[in-house]
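Residue numbers (our numbering): 105 to 592.
Ideal Cβ placement from N, Cα and C applies to all residues, glycine included.
Encoded as structure tokens, the structure appears first; notes follow it.
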Amino acid sequence: MSHCPGLKSPVDAHSWNSTMQRLQVLKDTFFGLSAAQQQQLLIGSAVAAGGIMAYIVYKRKKPRTIPLGDGWWGVGEKTLSEDQKIYPFQVETSDKEIEDLYERIDRTRYADPLEDGKFHYGFNSTYLKKVVSYWRHEFDWKKQVAVLNKYPHFKTKIEGLDVHFMHVRPPHRENQKVLPIMIVHGWPGSFYEFYKILPLLTQSRDGVVFEVICPSIPGYGFSEASHKQGFNSLAAARIFLKLMERLGFSQFYLQGGDWGSLITTNMAQMKPQCVKGLHLNMCMSNRGFKVLLSLLIGPYLPFLVGLSREDVRRLFPFFERNVFEMLRESGYFHIQATKPDTAGCGVNDSPVGLAAWILEKFSSWADLKNRDLEDGGLERKFSLDDLLTNVMIYWTTGSITSSMRFYKENLGSNLNNRVDFKTEIFVPTGFAAFPNELMHCPKSWAQIRYRNIQSYTFMPRGGHFAAFEEPQLLADDLFNFVKKVEKS
Numbered sequence: 105m106s107h108c109p110g111l112k113s114p115v116d117a118h119s120w121n122s123t124m125q126r127l128q129v130l131k132d133t134f135f136g137l138s139a140a141q142q143q144q145l146l147i148g149s150a151v152a153a154g155g156i157m158a159y160i161v162y163k164r165k166k167p168r169t170i171p172l173g174d175g176w177w178g179v180g181e182k183t184l185s186e187d188q189k190i191y192p193f194q195v196e197t198s199d200k201e202i203e204d205l206y207e208r209i210d211r212t213r214y215a216d217p218l219e220d221g222k223f224h225y226g227f228n229s230t231y232l233k234k235v236v237s238y239w240r241h242e243f244d245w246k247k248q249v250a251v252l253n254k255y256p257h258f259k260t261k262i263e264g265l266d267v268h269f270m271h272v273r274p275p276h277r278e279n280q281k282v283l284p285i286m287i288v289h290g291w292p293g294s295f296y297e298f299y300k301i302l303p304l305l306t307q308s309r310d311g312v313v314f315e316v317i318c319p320s321i322p323g324y325g326f327s328e329a330s331h332k333q334g335f336n337s338l339a340a341a342r343i344f345l346k347l348m349e350r351l352g353f354s355q356f357y358l359q360g361g362d363w364g365s366l367i368t369t370n371m372a373q374m375k376p377q378c379v380k381g382l383h384l385n386m387c388m389s390n391r392g393f394k395v396l397l398s399l400l401i402g403p404y405l406p407f408l409v410g411l412s413r414e415d416v417r418r419l420f421p422f423f424e425r426n427v428f429e430m431l432r433e434s435g436y437f438h439i440q441a442t443k444p445d446t447a448g449c450g451v452n453d454s455p456v457g458l459a460a461w462i463l464e465k466f467s468s469w470a471d472l473k474n475r476d477l478e479d480g481g482l483e484r485k486f487s488l489d490d491l492l493t494n495v496m497i498y499w500t501t502g503s504i505t506s507s508m509r510f511y512k513e514n515l516g517s518n519l520n521n522r523v524d525f526k527t528e529i530f531v532p533t534g535f536a537a538f539p540n541e542l543m544h545c546p547k548s549w550a551q552i553r554y555r556n557i558q559s560y561t562f563m564p565r566g567g568h569f570a571a572f573e574e575p576q577l578l579a580d581d582l583f584n585f586v587k588k589v590e591k592s
């Protein structure tokens, strides 16, 4: 075999030929673009030259952890000592509670929907009447309370708040490795989102099984709401770390989506030595130089900026998918991040208003195409019993307003200025990228913050509520990630 000048082996020659082929592809692709596209690409390359050095210097200065801090969110002044005991808890109801619900439902005043409005204006009131009729005449809350009590519930006082959580242990078997994991929900979900995945996680697979801790974020469901301003994801993360310590876990795994992804990320930033692995089904990436370069070059030369074909399919056209769609879907976001108590007055008083506010998200966030359907496609992925059980957790606890405040506490100032958004994550990380998630985050973007990605999976189906929609897919990906980490 003849060698190129200066190459010492056939391997070197192969590498040289491969490089030349890639350069030829770049050349052909570039000259195949229109003049406007070529100009855009050249601008992106010029920006890259000046940005790389600044980016490297910036990265060297970033800290590896964030302060744990401390807090007190109870009524009045902080007490000198706090009861650290863990108490069993059971979900309860009463005939009086149910009668009050029925009276309020019966007094509901509906607005007529627009012709052919479907779910484009929000929850269609024609279908809402059907859901409410089922709620009023067929849904059995007492039966669902028994379902909720299927798993062991507990409460304990941390930083002045009664924190609710489930603690689900796997059946005892010989020769199995039991790994503790905390799974954290978001809005407008609850601990109930995980009821279908719990049996999958607590069943041994190849000698590995999970012991699951599933808390309610303070202000959600059965966890007491903060009595003071400022309770954000950092405070929730610290409280959950204290919970795991109180339960005797020095090392554990974490899993989260929605707010749960931010809270568990903060936990990994605060105490990376305790977090064996972090698994997420939603990723919030920094919008920096690398992302800008991806947006400029990605549609034309995706491999040059670390994008796959699937990334391109999910990302572009970028402004339609990630800007205009978000504007159409984020009205709730702006209300809850600015004046949550105003909107809370209505939905905390009207069960039907609460159901519409919550269930609309389970329609569009499972698949944005559901807006084109008369029934919002709500029952394609969920049963009405499951959906209404989640609504009832908010209704019976009166926690919708405090759950909405979590947006204001986290988004009242620029997130990019917060210490956690300036700090990278170094624990082993896995991502399950579901195709109908509201915003897609490519692996190359996730790596900007998450510096030790062990697995990144393009999931075949599913949306925002991964554990609720596709428990088997999420469980499979979680097990695969953990096995990788345990072997490393």
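Around the beta carbon of MET348, a 10 Å sphere encloses 16 or more other beta carbons of the protein chains shown; the residue is thus reported as buried. Secondary structure of VAL312 (DSSP, three-state): strand. Within the stretch 304-373, the runs of alpha helix (DSSP H) at least 4 residues long that lie entirely inside it are, in chain order, 337-350.
One Cα belongs to HIS289, the other to ASP415, and the distance between them is close to 26 Å. Counting of Cβ neighbours within 10 angstroms places TYR225 among the exposed residues, the total staying below 16.
A residue is called buried when at least 16 other Cβ atoms come within 10 angstroms of its Cβ; MET270 meets this threshold and is buried. Boundaries of the alpha helix (DSSP H) harbouring GLY450: 444-453, taken from the DSSP string. Judged by DSSP secondary structure, HIS271 falls within the beta strand (DSSP E) whose first and last residues are 265-272. Note that the C-beta distance between PHE562 and ALA579 is not below 8 Å. Between the stretch 480-500 and the stretch 454-468 there are three or more C-beta pairs closer than 8 Å, enough to call the two in contact.
Each residue's CA atom was taken as its position, placing SER487 and ILE401 some 43 Å apart. The three-state secondary structure of PRO284, taken from DSSP, is strand. Annotation for SER559: no alpha helix (DSSP H) segment contains it, though the beta strand (DSSP E) segment containing it runs 557-562. Of SER517, PHE583, HIS257, PHE428, the smallest CA-CA separation from GLU196 is found for HIS257. In this structure, DSSP gives PHE258 an extended state, which the three-state scheme calls strand.
Sequence-distant Cβ neighbours of MET386 in its own chain, meaning closer than 7 Å and more than five residues away, are GLY361, ASP362, SER365, GLU541.
Going by DSSP, ILE529 is part of no beta strand (DSSP E) at all; its letter is neither H nor E. Rounded to the nearest angstrom, the Cβ distance from GLN359 to THR368 is 7 Å, consistent with a contact under 8 Å. Taking each of ASN336, THR533, GLN355, SER506 in turn and checking the Cα distance to LYS443, the smallest one comes out for SER506. With 16 or more other Cβ atoms from the protein chains shown falling within 10 Å of its own Cβ, GLN440 counts as buried. In the structure shown, PRO192 falls within a strand segment according to DSSP collapsed to helix, strand and coil. Between the stretch 565-580 and the stretch 290-302 there are three or more C-beta pairs closer than 8 Å, enough to call the two in contact.
Around the C-beta of GLU201, fewer than 16 other C-beta atoms lie within 10 Å, and the residue is accordingly described as exposed.
Close CB contacts of ARG208 within its chain, under the 7 Å cut and outside five residues either way in sequence, are with SER454, PRO455 (chain order). One thing to note: TRP499 has its Cβ no nearer than 8 Å to the Cβ of PHE335.
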